[in-house]
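Here the numbering used here = 1-based position in the sequence shown + 193.
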Amino acid sequence: MITISPNISSSDSRVTNDSDGIVVRSTISPDNAQADPPLSTRNDGTTTVSILARQLSDAAKRAEAPTGQKNADPLEPITDEQYFANKAQHDAEIPTSNNPELLARARQATGFLNGYDSNPFKGLGRDQLNLVARDKGGAFTVNERRAAWETVQSMEPSGALSPKPATNVGREIMISRLFLGREPPVALPSATSADALQKRNEFLTHDDRALISDMYAYVQSEGADLSHVDLLVSALADYRYYNDGRQLISNNGYYVDEYWTTFDFKPEDAAIASRILSSSALSSTRIDQGFVRHVLDPGIGAFSHIGGIPFLERMVKKFSDEGADQPPLGSEYATFKHAKTADHIVTTTHKDIKLPPSEALFEVVNGVWNLTEYGKAAGYVLDVANRRVYKPDDPPNDQIRPRSNVNGPDGDAPDSSLLDALADTRDPPQARWLLPGHLFKLMKNLKP
C-alpha cells in the first residue's frame, strides 16, 4: 500500500479570502524534503501559495475522504490502454476555468507528453506528484495527471513504484506522435492507388517501430527536440511505402532552361554522407542499411531528407555496436529548425550539355499553326486548311496529319479524332514536359 504524505497538509491550514492565494503552514514529509512548496511572500509578510498549491491541498482532502470505491484504481484512466484509445480527446481537454495559469499548465502538460514542451510539474516531490496523478476530482486534466504520473515513474524506486523503463516511454511517444494514440498493424507495400490514402507511417515495420521508440526515448533523455527524429522517420516511412525505395527513381539530373542540371548535397552534408557510408558503425547499426544508402543518394536525399544528415550520423552510430562510446547530443539539437531547400542543395548547370534540338515538324503558338525551322529545313509544307504536314514530292498517303497538342492550350482540331491521335506516331511530341525541372523551379521560387 502506498501512503501519500501531501506537501501541503489539509488539516493544518487556514484559508483567507484574499484573491492572491491562501495562507497555509505546510508539512513536508522526509520523502519530499527536496521539494519546496509553491509559496510566495506578500507585502504584509504573510506567506501565500499559488493556485497549484491550493489544488494540491484540495486533492489531499479528497485523498483522505472515503470514496466508497476502494477497489477502483485511480491510475487506471491514465495508465491503461484506454488512455491511448482516447488520446486525441485528452489532448484537446482544457480546464473549465478561464484562469490563464490553469490553461497554460494544461497546454504545457499536453506538450510535454507529446515531446515538444517542458514538464509542468518539474521540481515537485513524489507525494505531491502522486496527489496530482491520483486525483479524480476534476481539478487536473487527464494529461496533467498523466504528466505527473510519468514524472513519478522517472524517479528512483520508492515503495511499490518502480521507474518507468525508457523503452516504454519511447514507445508511448512514438504511438502518440506517429499514430495519434492508437498503433495500427503494419501495412504492406508497395504503393498503389488502393493505398494512396494510407498514412506512410503505417508501413513502418515492427523493427522500425522498436528502433524509433528507442530513438525518441534517447533524444528526450538528452533534452533534444524530438522533431529531429520526426524528420528521419518521415524519410524512412517513404522508403517503406515505396517498397523499400524500389518504386523511386534517383534524380541524377535533368534539363533546366535547356541545359543539363544536376543536384547534390552541400559540401558539409556530402562529407558527412561519405563518412557514414564508410564508417564501421554502418555494418552494425540497427537502422536499415538499405535505407541509409538510399537516403544518402543525392538524387533522393537532397530533396526528401533536407538538413537531416548530421542527425542521421549520430543515430547510425548511437544505435550500433559503437553506441556506448558516443558523446551526448550537443546543444545544436536542442531546437529543431526547418531547413530551406536552397541552403542544402548545390545546383550545377552544365553549359556544355544542352538540350538536343527539337525534331518537331510544326508548332502551335496561341492557336496559330506553323512549321518549325526543322520542318522547313526538311522540306515540309503545312496545309493550314486541312492541318496536314507533307513534302510536295511525297504521295498523298504519306502526308503527316498534325495532332492536337494535348499538353498545350492550342484548342481542339475539329477534324481530329482519338483514333487519329493514337494512330499517328511518326512525329515526336512538339513539347518536352520536364516535370522534375518544373517542380524544382516551383520549390526554388516559393516564398514562405
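For every residue, glycine included, the Cβ atom is placed at its ideal position computed from N, Cα and C.
Supposed contact pair residue j and residue i - C-beta distance, whole angstroms, cut 8 Å
i              : j           : result
alanine 281    : leucine 373 : 6 Å
asparagine 307 : serine 369  : 6 Å
alanine 302    : proline 313 : 5 Å
glutamine 391  : alanine 380 : 6 Å
leucine 554    : valine 582  : 5 Å
glycine 501    : alanine 428 : 7 Å
tyrosine 434   : proline 503 : About 25 Å; that fails the 8 Å criterion.
Through-space distance from residue j to residue i, alpha-carbon basis
i                 : j                 : result
histidine 537     : threonine 455     : 14 Å
arginine 338      : glutamate 269     : 11 Å
valine 558        : methionine 367    : 55 Å
phenylalanine 458 : arginine 468      : 13 Å
tyrosine 409      : serine 551        : 53 Å
asparagine 336    : aspartate 284     : 7 Å
valine 561        : tyrosine 447      : 30 Å
lysine 511        : leucine 505       : 10 Å
tyrosine 573      : isoleucine 546    : 29 Å
glutamate 257     : phenylalanine 333 : 18 Å
glutamine 440     : valine 325        : 51 Å
glutamine 482     : serine 243        : 53 Å
threonine 541     : asparagine 445    : 12 Å
alanine 466       : glutamate 376     : 32 Å
asparagine 436    : histidine 498     : 18 Å
leucine 249       : glutamine 321     : 7 Å
serine 351        : arginine 319      : In this prediction, serine 351 has a pLDDT of 39, which is less than 50 and means its spatial position is unreliable; what the coordinates show is noted afterwards. Taking the straight line from one Cα to the other gives about 9 Å.
threonine 272     : glycine 363       : 15 Å
leucine 564       : proline 585       : 14 Å
leucine 371       : leucine 424       : 12 Å
alanine 430       : proline 267       : 38 Å
tyrosine 432      : lysine 254        : 55 Å
tyrosine 526      : valine 426        : 16 Å
lysine 569        : threonine 534     : 44 Å
serine 473        : arginine 507      : 13 Å
serine 311        : alanine 297       : 12 Å
threonine 289     : leucine 317       : 24 Å
valine 485        : arginine 327      : 45 Å
valine 509        : glycine 304       : 28 Å
glutamine 413     : lysine 544        : 48 Å
Which residues DSSP lists as bridging residue i, in chain order
i            : result
lysine 547   : Tyr452
valine 574   : Tyr583
tyrosine 447 : Thr454
leucine 564  : Phe555
Heavy atom of the ligand NAP within 8 Å of residue i beta-carbon
i              : result
asparagine 307 : With respect to small molecules bound, the structure shown includes none, and the ligand NAP cannot be examined in it.
Min CB distance residue i to chain D below 9 Å
i          : result
lysine 329 : No chain D appears in this structure, which consists of one protein chain only.
query: With contact counted as at least three CB pairs below 8 Å, one residue from each stretch, are the segment 393-401 and the segment 334-348 in contact?
result: no
field: Runs of alpha helix (DSSP H) wholly within the segment 276-352 (minimum 4 residues, chain order)
entry: 280-285, 293-306, 319-327, 335-346
message: Does the segment 465-484 come into contact with the segment 502-518, if we say contact requires no fewer than three beta-carbon pairs (one atom in each stretch) closer than 8 Å?
response: yes
- request: Flag this pair as touching only if the segment 408-421 and the segment 438-455 have three or more C-beta atom pairs under 8 Å; answer yes or no.
  value: no
message: Please give the ranges of any alpha helix (DSSP H) in the segment 390-438, keeping only runs that are unbroken, at least 4 residues long and fully inside the region.
response: 399-414, 420-434
- request: Please specify which runs of the beta strand (DSSP E), each continuous and at least 3 residues long, are wholly inside the segment 494-557, giving them in chain order.
  value: 538-547
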